[in-house]
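Numbering (the working numbering), first residue to last: 555 to 651. Where is the CB? At the ideal position from N, CA and C, for every residue including glycine. All values reported here derive from a predicted model rather than from experimental measurement. See below for the structure under consideration.
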Ligand SMILES: [Zn+2]
Ligand SMILES: [Zn+2]
């Protein structure tokens, strides 16, 4: 099996492997007008804590999917809605019946 881009021999290639490295694959696709593999797609969501609209940047290591910031995430997990006062009391009451 030889790299489709630089022709280097690939030892023990994966069944669908066509390039010796990811860089080679991206270079080949670029040169041939094919789409370069994206590291991570851009997504849009509302922060689970403050509700702010968040748009992550495509191709970066931005892997936020739920909160706009680490501090929002911390605040959320410290006070999740189901742990707010009254919830457990209601459950206890319901079970007692
Ligand atoms: Zn190569
Ligand atoms: Zn937030």
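- Of all alpha-carbon atoms in 603, 585, 610, the one lying nearest the alpha-carbon of residue 595 is that of 610.
- The count of Cβ pairs closer than 8 Å, one atom from the stretch 598-607 and one from the stretch 573-586, stays below three, leaving the stretches out of contact.
- Assigned with DSSP and collapsed to three states, residue 566 falls in coil, not helix or strand.
- For residue 586, the shortest C-beta to heavy atom distance toward ligand 2 is 7 Å or greater.
- Distances from the CB of residue 617 to the heavy atoms of ligand 2 are all 7 Å or more.
- Counting the other CB atoms within 10 Å of its CB gives residue 579 a total of 16 or more, which places it among the buried residues.
- DSSP lists 607 as the beta-bridge partner residues of residue 600.
- Between ligand 2 and the CB of residue 632, the shortest heavy atom gap is not smaller than 7 Å.
- Between residue 565 and residue 555, the alpha-carbon positions lie close to 7 Å from each other.
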